[in-house]
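Chemist: Below you'll find the structure I mean.
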Amino acid sequence: MNQETNNRKDDMKLLLLKQPYLITMARHDFNVHESRVFLKVIECLQPRMIHDKAPHEISEDDLGNLEVKIPVKEIIKSSNYDEIRTALKKLTKKEIVVEERDENGNIVSELFTNLLMAGGLKHRTSFCELLIHKKVVPHLIGLNNNYTRFSAKPAFDCSSPNTMKLYLMCSHFRDIKQIDVRLESFKNWLRIEKKYSRIFDIRKRVIDPAIKELKKKADVWFEISKNIKEGRKVVGWKFNIYNKDKVSKKLPASEISNFEAIEKRMIDSFHLSAKQAKKVAKSVEKQALNKTLHAIQLQKINGKIQNLGGYTRKVLNEKFNLNI
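Everything in the sequence shown is counted per the working numbering, starting at 146 for the first residue and increasing by one.
As structure tokens, this is what we get:
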């Protein structure tokens, strides 16, 4: 193993990436090689990420179609190009579904597309050249109120695409102790509706292997706390999220809070008073606040909250030691 490879591995261990939450929850059935290409695209787009803007607020015409170049050795370990060649071909054909939702969980827009318009291999330079359509680009770079921060190496090293997606989900909710996962939504997200009809098979083939692998390799993982039932029927699970990394990372200058936008969101969508919203915005770090509000939003969508304002105040008081 040469020094360049060692340096690259060390860089990967330290690399933190960001991607929109709607990309974390996008529906596709990419295999592991295709998923790694997708991750490399996200890595290449880090300098282009736009904070505090949703995809529909970004002009696709200003950006145009986007070309991304990735060294082949960063995607596959072997010198056999067949795997990467096949992955690029399939990424020009396989569908990815991206949904943009409002604060109440209602779908604002849907995008049905392929990740790549074209993918090519340059054998002399050992580079992949990827072309992404301008309609896809805003969905890949628009970091509005909710986005996912994750470590590059454990994501890239996942042995299956389902484990990779579950790692990204855990990374998004790393500050939340527990989340509800509905069976039908889960199957739809992973595109396993036709593959596994029995809940036993989903546990055995998808969930249990992911738990085992992530506990061993990743900085965040999950375990099933208990089943969610309707009568005697299991309709989902409660996932406990565990986080090895307890060190608080300072946000870069580009992510400094836009206090007015955060206050307006809490007033309009979570029924806090202006005074309460101002106190929360000044007291709580932006990313932790947005993740907490998102978890509250999911509870509301699942019909578990009757008094949204009261519930929001209770959660914020308990989680951040406030008095609002």
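Where a beta carbon is used, it is the ideal one built from N, C-alpha and C, also for glycine. On a predicted model such as this, the values are computed, not experimentally measured, just so you know.
How would you write the range of the alpha helix (DSSP H) that A426 sits in, first residue to last?
Modeler: To locate residue 426, count along the sequence shown from 1; it is residue 281. Note, A426: alpha helix (DSSP H), A419 to S428.
Chemist: Does DSSP put A297 in a helix, a strand or coil?
Modeler: The count along the sequence shown starts at 1 and reaches residue 297 at position 152. A297 falls in the helix class under three-state DSSP.
Chemist: I need the boundaries of the beta strand (DSSP E) containing Y387, first residue and last residue.
Modeler: Counting from one through the sequence shown, the residue named residue 387 turns up at place 242. K378 to N388 is the span of the beta strand (DSSP E), which, as asked, contains Y387.
Chemist: Output yes or no for whether 9 Å exceeds the beta carbon distance between N291 and N462.
Modeler: By 1-based counting over the sequence shown, the position of residue 291 is 146. By 1-based counting over the sequence shown, the position of residue 462 is 317. No.
Chemist: Using the rule of at least 16 other Cβ atoms within 10 Å of the residue's Cβ for burial, across every protein chain shown, is P306 buried or exposed?
Modeler: Residue numbering aside, residue 306 sits at position 161 when the sequence shown is read from its first letter. Label assigned to P306: buried.
Chemist: Look at the alpha carbon of S370 and the alpha carbon of W382, and state the distance between them as a whole number of angstroms.
Modeler: If you number the sequence shown from 1, residue 370 lands on position 225. If you number the sequence shown from 1, residue 382 lands on position 237. Those two C-alpha atoms are separated by around 7 Å.
Chemist: How about E205 and P283: are their beta carbons less than 9 Å apart?
Modeler: Residue numbering aside, residue 205 sits at position 60 when the sequence shown is read from its first letter. Residue numbering aside, residue 283 sits at position 138 when the sequence shown is read from its first letter. Yes, these two residues count as a Cβ contact at 9 Å.
Chemist: Work out the CA separation of K234 and A422 for me, nearest whole Å.
Modeler: In the sequence shown, the residue the question calls residue 422 occupies position 277. In the sequence shown, the residue the question calls residue 234 occupies position 89. The straight-line gap from Cα to Cα measures roughly 49 Å.
Chemist: With distances taken between CB atoms, is the gap from I241 to V182 smaller than 9 Å?
Modeler: Against the sequence shown, residue 241 aligns to sequence position 96. Against the sequence shown, residue 182 aligns to sequence position 37. Result no, Cβ atoms of I241 and V182 do not sit closer than 9 Å.
Chemist: Count Cβ pairs between the segment 338 to 357 and the segment 453 to 461 that sit closer than 8 Å; are there 3 or more?
Modeler: In short, these stretches do not touch, since the Cβ pair count stays below three.
Chemist: For F257, does the count of other Cβ atoms within 10 angstroms reach 16, so buried, or fall short, so exposed?
Modeler: Residue numbering aside, residue 257 sits at position 112 when the sequence shown is read from its first letter. F257 should be labelled exposed.
Chemist: Cutting at 7 Å between CB atoms, please list the residues of its own chain near A171, excluding the five before and the five after it.
Modeler: Translated into the one-based positions of the sequence shown, residue 171 becomes position 26. Within the same chain, A171 has close Cβ partners I241, V242 and V243.
Chemist: Please list, in chain order, all residues of the same chain as P200 whose beta carbon is under 7 Å from its beta carbon, the five residues on each side excluded.
Modeler: Stepping through the sequence shown from its first residue, residue 200 is reached at position 55. E245, P283, H284 and G287, listed in sequence order.
Chemist: Please report how far the alpha carbon of C315 lies from the alpha carbon of V177, in whole angstroms.
Modeler: As a working mapping, residue 315 is identified with position 170 in the sequence shown. As a working mapping, residue 177 is identified with position 32 in the sequence shown. If you take the alpha carbons of C315 and V177, they lie about 18 Å apart.
Chemist: Just to confirm, are I373 and D320 a CB contact at a threshold of 9 Å?
Modeler: As a working mapping, residue 373 is identified with position 228 in the sequence shown. As a working mapping, residue 320 is identified with position 175 in the sequence shown. It is not a contact, given that the beta carbons lie outside the stated cut-off.
Chemist: Is it buried or exposed for V351, if we count other Cβ within 10 angstroms and need 16 for buried?
Modeler: Counting from one through the sequence shown, the residue named residue 351 turns up at place 206. V351 comes out buried.
Chemist: Going by other Cβ atoms of all chains shown within 10 Å of its Cβ, with 16 needed for buried, is P216 buried or exposed?
Modeler: The count along the sequence shown starts at 1 and reaches residue 216 at position 71. Answer is exposed; the Cβ neighbour count stays below 16.
Chemist: I'd like the span of the beta strand (DSSP E) that includes R246, first residue to last.
Modeler: Locating residue 246 in the sequence shown gives position 101, where the first residue counts as 1. R246 -> beta strand (DSSP E) spans E240 to R246.
Chemist: Would you kindly report the start and end of the unbroken alpha helix (DSSP H) that includes E329?
Modeler: The sequence position of residue 329 within the sequence shown is 184, counting from 1. That run of the alpha helix (DSSP H) goes L328 to L335.
Chemist: The alpha helix (DSSP H) that contains T270, what's its start and end?
Modeler: Along the sequence shown, read from residue 1 onward, the residue named residue 270 stands at position 125. Here T270 belongs to no alpha helix (DSSP H), and DSSP marks it neither H nor E.
Chemist: Are the Cβ atoms of T472 and Y387 separated by less than 9 Å?
Modeler: Outside the displayed range of the chain (146 to 469) lies residue 472, so it cannot be described from this structure.
Chemist: Please return the same chain residues whose Cβ sits closer than 6 Å to the Cβ of K394, not counting the five positions on each side in sequence.
Modeler: On the sequence shown, residue 394 is found 249 positions in, with the first residue counted as 1. Here the model assigns K394 a pLDDT of 43, short of 50, so the residue's position is not dependable, and the following value carries that caveat. Here the set comprises nothing.
Chemist: What does the Cβ neighbour count give for I407, buried or exposed, with the cut at 16 atoms within 10 Å?
Modeler: By one-based count along the sequence shown, residue 407 stands at place 262. Under this definition I407 is a buried residue.
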